[in-house]
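Visitor: Residue numbers (UniProt numbering), protein chains in the order written: chain U, 1 to 288; chain C, 1 to 288; chain R, 1 to 288; chain D, 1 to 288. All C-beta atoms, glycine included, are put in the ideal place defined by N, C-alpha and C. Quick one: this structure, given as structure tokens, is what I'll be asking you about.
Structure representation (structure tokens):
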């Protein structure tokens with residue numbers, strides 16, 4: 001049993017904290033075991049992919065009433081959050097472009113029907129710019145200068161660093177608050193860029209998080225804490241761990257009844273054939 | 001450097017072999033290092049998800065000319081192959097049901113808009129049954145007995161064990177070969193079940209594999225062999241390894257020009273912020 | 001030239017008025033020419049199909065914060081409004097059932113991947129009920145009695161007659177206003193039904209109408225009035241007319257630049273081959 | 001009752017014949033009544049939209065084994081056939097551009113998430129060119145000269161006039177038949193264009209027509225002939241008529257049981273409210 005201070009990390013809300021946890025661990029400065037709950041499958045898929053698929057639409061509508069059909073949108077980053085945003089926008093008739101640094105995600109974007117471009121190639125023509133990278137200064141002042149009038153800019157990634165908002169706090173630009181969470185930044189020639197939530201997270205600032213997603217994430221965190229607390233001495237050292245697959249599966253199974261979903265059980269013979277326990281875990285730990 | 005006998009495994013074609021490799025390793029009987037190429041991201045996504053999304057349609061059309069619109073289909077298994085099949089069939093207007101043993105995959109199916117059922121709940125009403133489980137005896141004689149007339153049954157998973165075809169080789173049933181790879185199995189009351197490829201893999205037997213997918217998979221395998229061959233003594237022991245992330249990314253990057261996709265490069269500042277090398281790898285090894 | 005009183009009708013906001021106009025005309029009591037702008041292609045597609053595809057999501061989110069993924073939804077009516085609602089909900093992972101009276105629309109629903117059912121077949125299991133019929137008493141007290149706890153009920157069709165809200169104003173039911181436009185109607189056993197906008201139009205009461213759609217509809221109406229006003233004596237009698245195709249096309253062409261869309265022009269040779277004027281109209285009047 | 005010679009027209013197979021019928025009628029040279037079955041809703045939607053949504057994929061796969069994911073495709077014409085082709089290709093991960101002459105169809109393409117371009121804007125970059133216009137010389141020798149190596153060209157529209165195939169029968173180009181229905185046309189610099197079915201209809205030449213669609217179309221034609229035959233003297237003059245709505249609905253209702261679809265019936269009260277007969281027709285004649 002571990003006493004005191006067990007940590008769990010959830011990146012949508014703790015962002016850079018996760019990297020920081022791994023850095024502490026590498027430096028040998030982590031003084032308690034920690035669980036990286038953020039990278040469990042249920043957290044990744046439900047909090048990021050499925051939740052953002054809905055909150056990108058909700059956040060944009062509540063702030064700008066924009067119509068999605070026919071709009072040209074560039075999404076920076078095609079991780080889980082980016083994939084969710086793109087799926088929703090494409091389904092509602094937007095034309096979506098992707099920027100990516102990772103060739104695997106870029107190739108997935110191609111297969112999903114999106115053109116992969118550098119931001120500069122499309123910045124003059126798009127109606128909406130959305131960042132989902134976890135990075136900083138993805139949208140720079142130079143990009144903002146080149147956007148067309150009425151372009152909407154927002155951040156679905158992490159923290160408030162993805163759009164270089166500081167670069168917009170200069171004397172030649174006028175800020176006009178047109179609604180809660182919505183600023184018009186006005187260039188000397190009259191061009192307006194519509195900045196949402198001052199570059200902070202759109203999904204947390206301008207849309208709601210469904211109770212279902214909160215339930216998934218909270219359950220995952222609670223189970224991680226219980227596991228750390230109950231684990232026999234020595235199971236966890238002063239390091240960062242992924243949530244054991246079996247707990248990840250348990251979180252999911254607790255939420256199936258909401259959808260009246262009926263799981264199939266393995267027969268003894270099938271379990272033996274697959275080399276699995278009938279109660280799981282059903283997949284290797286690296287499976288997503 | 002390793003001499004001789006380096007193994008690489010690709011599951012679409014080697015199926016159970018992969019489990020067997022891990023079993024050998026566990027038993028201490030693996031006499032060379034092996035790379036589990038099958039579970040690299042490029043293999044998983046491109047060979048399984050994206051390729052099967054197309055070959056399920058192709059395989060069904062070439063063998064049966066079935067119209068997808070309005071058809072009720074049950075897909076057993078919602079892993080990468082199942083996800084690909086379901087996405088394609090849903091897009092073309094089929095109504096798709098899922099069976100799953102794994103609660104995480106089941107919950108994903110719910111989020112993607114599919115009802116998760118036990119096979120018995122829908123077996124009397126569906127027009128098509130597709131297995132993608134990697135398991136055996138998923139479709140049993142009892143299920144086959146309950147299918148409606150003209151129901152199409154096929155396997156996209158692995159090997160030829162998913163449908164219990166042996167149980168159909170009994171005197172009271174008549175087999176009629178109506179076309180290459182297509183058998184009508186006829187019950188005494190005249191009911192016909194349309195069995196494709198005698199339960200072997202539909203995507204390999206009845207559709208083609210696009211050269212793009214072959215290129216991805218072959219590149220991954222070749223790189224794995226080169227890595228095993230070139231690795232300094234001691235890097236790989238007599239165990240099963242995942243392909244290093246960086247190679248996985250390299251495979252992807254080699255295929256981006258076919259789509260005229262343009263990667264974004266990290267600035268020095270951004271790379272430092274993310275704690276990444278500008279040339280990758282960009283994601284932790286467990287990322288999919 | 002016609003003096004005074006020219007009428008134009010737009011059904012999303014005038015609903016039954018349109019039927020009434022045709023009835024007046026049949027009865028010989030229409031005293032001025034009228035244009036049925038509602039049934040022009042641009043009005044039908046943009047105000048109904050494309051606008052409702054977005055406002056159903058917006059209206060539901062703003063009032064209930066419901067997550068769409070995995071939800072079971074029944075949509076009553078598969079006309080343009082129903083088609084729009086269903087496309088959006090399906091894309092976001094809802095499982096959608098349709099009720100229809102018209103076999104052509106029902107068959108389209110099948111082809112689009114929806115099960116066509118009677119309301120009673122699914123009323124106990126669905127999470128959301130949406131009416132888009134133009135009819136009255138589509139959702140009756142009997143249906144409301146059988147809904148499960150927390151079921152959301154709303155109207156996207158016309159007027160406030162589609163849900164029999166009057167039947168809920170009885171002593172044994174308690175109404176609780178939980179938010180603007182959101183009532184919980186509470187049964188004696190504690191079951192709550194979530195009624196939106198007291199059965200009035202969700203898209204007008206609880207979501208916004210994009211300026212693009214307003215522009216389309218207003219342009220159509222303005223052109224109809226100009227045409228009626230400018231038409232030579234005798235072109236229009238005391239009857240109900242559809243907007244001439246050419247004007248419908250003109251409305252569309254005025255809105256193409258917002259999307260940077262580039263029309264192709266017919267060559268003389270092609271125009272001759274098709275028997276068309278190079279400037280349109282390009283389709284017969286009944287084309288949608 | 002009409003004796004002899006009643007005509008029905010079905011455009012997928014009779015294409016230009018339909019225009020010709022209207023021209024005959026205009027010129028007063030039509031000597032029998034004719035029904036334009038092609039423009040009935042069931043024919044338009046099922047034979048064109050829903051059938052082509054499947055046959056474009058089938059035709060391309062059987063002839064070229066092309067992978068759709070990530071491919072850039074231009075579809076000329078966004079009528080019912082074009083809409084079907086685009087929906088299918090988009091769903092399978094292709095990036096689709098549209099060319100259109102009609103602003104209404106062009107605006108629909110925008111709303112559905114496609115960029116509307118002139119053919120010249122994208123001809124150098126696309127992997128596949130598909131014509132669905134009903135027009136002639138839509139793809140000219142000049143376009144063919146500018147296509148990139150391996151570009152696939154095919155026709156889903158009508159007749160064999162949409163692609164100017166004649167212009168490719170010149171001495172400097174070499175034709176190589178690589179498979180039934182597939183020609184490589186080779187430019188002096190080695191560039192190959194992949195021409196399918198020599199520019200004839202891909203869906204008829206290289207894919208199959210599902211029995212369901214044949215049944216819809218044949219039923220429509222048969223009913224039209226029966227109606228012309230049985231109609232009381234004087235109902236039909238020597239002109240071209242659309243199929244009465246009620247018959248269109250009847251065709252649809254005959255096909256609902258294949259999908260286990262259950263129609264809802266109007267109550268007397270509802271029928272009265274809507275001013276409809278409980279047995280239909282349920283929509284005005286111009287409704288699609």
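Starting from the N-terminal side, write out each stretch of the beta strand (DSSP E) that is 3 residues or longer and does not extend beyond the segment 198 to 264 of chain D.
Guide: Complete beta strand (DSSP E) runs here, min 3: 240 to 242.
Visitor: Taking any Cβ of chain U, which residues in the segment 88 to 118 of chain D have a Cβ under 7 Å from it, in chain order?
Guide: Correct list: 90, 93, 94, 95, 110, 111, 112, 113, 115.
Visitor: Residues of chain R with a CB under 7 Å from the CB of residue 248 of chain D: which are they?
Guide: In the fourth chain, residue 248 of chain D corresponds to position 248, counting from 1. Here the neighbours are 104.
Visitor: Rounded to a whole number of angstroms, what is the C-alpha to C-alpha distance between residue 127 of chain R and residue 201 of chain R?
Guide: In the third chain, the residue the question calls residue 127 of chain R occupies position 127. In the third chain, the residue the question calls residue 201 of chain R occupies position 201. Looking at the two C-alpha atoms, the distance is approximately 19 Å.
Visitor: In this structure, how does DSSP classify residue 2 of chain U when only helix, strand and coil are distinguished?
Guide: Locating residue 2 of chain U in the first chain gives position 2, counting from the first residue. Bear in mind that a pLDDT of 35 at residue 2 of chain U, under 50, signals an unreliable position, so the model cannot answer this.
Visitor: From R:156, R:177, R:136, R:151, pick the residue whose C-alpha is nearest to that of residue 167 of chain R; which is it?
Guide: The sequence position of residue 167 of chain R within the third chain is 167, counting from 1. Comparing Cα positions, the closest option is R:136.
Visitor: So that I know if they touch, is there some Cβ in chain R lying closer than 8 Å to that of residue 252 of chain D?
Guide: Walking along the fourth chain from the start, residue 252 of chain D turns up at place 252. Yes, residue 252 of chain D counts as interfacial toward chain R.
Visitor: Going along the segment 41 to 72 of chain C in order, which residues come within less than 7 Å of chain R, judged by CB to CB distance?
Guide: So the list reads 69, 70, given in the order they occur along the chain.
Visitor: Between residue 243 of chain C and residue 25 of chain C, is the Cβ-Cβ spacing less than 8 Å?
Guide: For the purposes of this step, residue 243 of chain C is taken as the residue at position 243 of the second chain. For the purposes of this step, residue 25 of chain C is taken as the residue at position 25 of the second chain. The answer is no: Cβ separation not under 8 Å.
Visitor: May I have a chain-ordered list of the alpha helix (DSSP H) segments no shorter than 4 residues that lie completely inside the segment 94 to 173 of chain C?
Guide: Listed in chain order, they are 103 to 111, 119 to 122, 141 to 146.
Visitor: Of all the residues that make up the segment 270 to 283 of chain D, which are near chain R by a beta-carbon distance shorter than 8 Å?
Guide: Hits within the stretch, in order: 270, 273, 274, 275, 280, 282, 283.
Visitor: Does residue 218 of chain C pass the burial test, meaning 16 or more other C-beta atoms within 10 Å, or should it be called exposed?
Guide: Along the second chain, one-based indexing puts residue 218 of chain C at 218. Residue 218 of chain C comes out exposed.
Visitor: What would DSSP say about residue 194 of chain U, mapped onto helix, strand or coil?
Guide: By 1-based counting over the first chain, the position of residue 194 of chain U is 194. Looking at residue 194 of chain U - three-state DSSP - the assignment turns out to be strand.
Visitor: Helix, strand or coil for residue 274 of chain U, going by three-state DSSP, please let me know.
Guide: In the first chain, residue 274 of chain U corresponds to position 274, counting from 1. Helix at residue 274 of chain U.
Visitor: Taking the straight line between their C-alpha atoms, what separation do you get for residue 223 of chain C and residue 255 of chain C?
Guide: For this step, residue 223 of chain C is matched to residue 223 along the second chain. For this step, residue 255 of chain C is matched to residue 255 along the second chain. Taking the straight line from one Cα to the other gives about 14 Å.
Visitor: Does the contact criterion of 3 or more C-beta pairs under 8 Å hold for the segment 93 to 101 of chain C versus the segment 255 to 267 of chain U?
Guide: Output reads yes: the segment 255 to 267 of chain U touches the segment 93 to 101 of chain C.
Visitor: Can you say whether residue 287 of chain C is buried or exposed, counting buried as having 16 or more other CB atoms within 10 angstroms of its CB?
Guide: Residue 287 of chain C sits at position 287 when you count from the first residue of the second chain. By the 10 Å Cβ count, residue 287 of chain C comes out buried.
Visitor: Whose C-beta lies closer than 6 Å to the C-beta of residue 178 of chain D among residues of the same chain, with five residues either side of it excluded?
Guide: Locating residue 178 of chain D in the fourth chain gives position 178, where the first residue counts as 1. Excluding positions up to five away in sequence, the list reads 184.
Visitor: Consult DSSP for residue 38 of chain D and reduce its assignment to one of helix, strand or coil.
Guide: To locate residue 38 of chain D, count along the fourth chain from 1; it is residue 38. Helix at residue 38 of chain D.
Visitor: Can you pull the chain U residues whose beta carbon is under 8 Å from the beta carbon of residue 257 of chain R, in chain order?
Guide: As a working mapping, residue 257 of chain R is identified with position 257 in the third chain. Residues of chain U passing the Cβ test: none, with the nearest at roughly 11 Å.
Visitor: Looking at C-alpha atoms only, which residue of U:158, U:85, U:196 is the closest neighbour of residue 18 of chain U?
Guide: Within the first chain, numbered from 1, the residue matching residue 18 of chain U stands at position 18. Ranking the options by Cα distance to residue 18 of chain U, first place goes to U:158.
Visitor: So residue 54 of chain D and residue 68 of chain C are in contact, right, with Cβ under 8 Å, and what is the actual spacing, rounded?
Guide: As a working mapping, residue 54 of chain D is identified with position 54 in the fourth chain. As a working mapping, residue 68 of chain C is identified with position 68 in the second chain. Yes, residue 54 of chain D and residue 68 of chain C are in contact; Cβ-Cβ is about 6 Å, under 8 Å.
Visitor: Return no unless some Cβ of chain D is closer than 8 Å to the Cβ of residue 7 of chain U.
Guide: Walking along the first chain from the start, residue 7 of chain U turns up at place 7. Note that residue 7 of chain U has pLDDT 46, beneath the 50 cutoff, so the model's placement of it is unreliable and the number below is only indicative. Cβ-Cβ to chain D under 8 Å: no for residue 7 of chain U.
Visitor: Using a Cβ-Cβ distance under 8 Å, would residue 126 of chain D count as near chain R?
Guide: To locate residue 126 of chain D, count along the fourth chain from 1; it is residue 126. False, the Cβ-Cβ gap to chain R never drops below 8 Å.
Visitor: I'd like the list of long-range same chain contacts for residue 66 of chain D, defined as Cβ closer than 8 Å, with 5 residues on each side in sequence excluded.
Guide: Here residue 66 of chain D refers to the residue found at position 66 when the fourth chain is read from its first residue. Closer than 8 Å at Cβ, skipping near neighbours: 60, 127, 128, 152.
Visitor: Determine which residues share a DSSP beta bridge with residue 175 of chain R and list them.
Guide: Taking the first residue of the third chain as 1, we reach residue 175 of chain R at position 175. Paired residue(s): R:185.
Visitor: Just verifying my parser: in three-state terms, what is the DSSP assignment at residue 31 of chain C?
Guide: Numbered from 1 along the second chain, position 31 holds the residue referred to as residue 31 of chain C. In this structure, residue 31 of chain C counts as coil in the three-state DSSP scheme.
Visitor: Give me the subset of the segment 206 to 233 of chain D whose CB atoms are less than 9 Å from a CB atom of chain C, sorted by chain position.
Guide: Residues 207, 208, 209, 210, 211, 212, 213.
Visitor: Residue 74 of chain U by DSSP, collapsed to three states: which one?
Guide: Translated into the one-based positions of the first chain, residue 74 of chain U becomes position 74. Residue 74 of chain U: strand per DSSP, three-state reduction.
Visitor: Flag residue 260 of chain D as yes if its beta-carbon sits less than 8 Å from any beta-carbon of chain C, otherwise no.
Guide: Residue mapping note: residue 260 of chain D aligns to position 260 of the fourth chain, counting from 1. Answer yes: the Cβ-Cβ gap between residue 260 of chain D and chain C drops below 8 Å somewhere.
Visitor: Measure from the alpha carbon of residue 134 of chain D to the alpha carbon of each residue in D:81, D:270, D:107, D:173, then state which is nearest.
Guide: Position 134 of the fourth chain, counted from the first residue, corresponds to residue 134 of chain D. Looking at the Cα atoms, D:81 is the closest of the given residues.
Visitor: If we ignore side chains and look at the alpha-carbon of each, how far apart do residue 113 of chain R and residue 257 of chain D end up?
Guide: Reading the third chain from its first residue, position 113 is the one you call residue 113 of chain R. Reading the fourth chain from its first residue, position 257 is the one you call residue 257 of chain D. For residue 113 of chain R and residue 257 of chain D, the distance between alpha carbons rounds to 15 Å.
Visitor: At the level of alpha carbons, what is the spacing between residue 251 of chain U and residue 103 of chain D?
Guide: Working through the first chain from its first residue, we reach residue 251 of chain U at position 251. Working through the fourth chain from its first residue, we reach residue 103 of chain D at position 103. The straight-line gap from Cα to Cα measures roughly 51 Å.
Visitor: Can you find a C-beta in chain U that's less than 8 Å from the C-beta of residue 166 of chain C?
Guide: Locating residue 166 of chain C in the second chain gives position 166, counting from the first residue. Not an interface residue.
Visitor: If we define contact as Cβ-Cβ less than 8 Å, is residue 265 of chain C a contact residue for chain U?
Guide: Taking the second chain and counting its residues from 1, one reaches residue 265 of chain C at position 265. Taking Cβ atoms only, chain U reaches closer than 8 Å to residue 265 of chain C, which makes this a yes.
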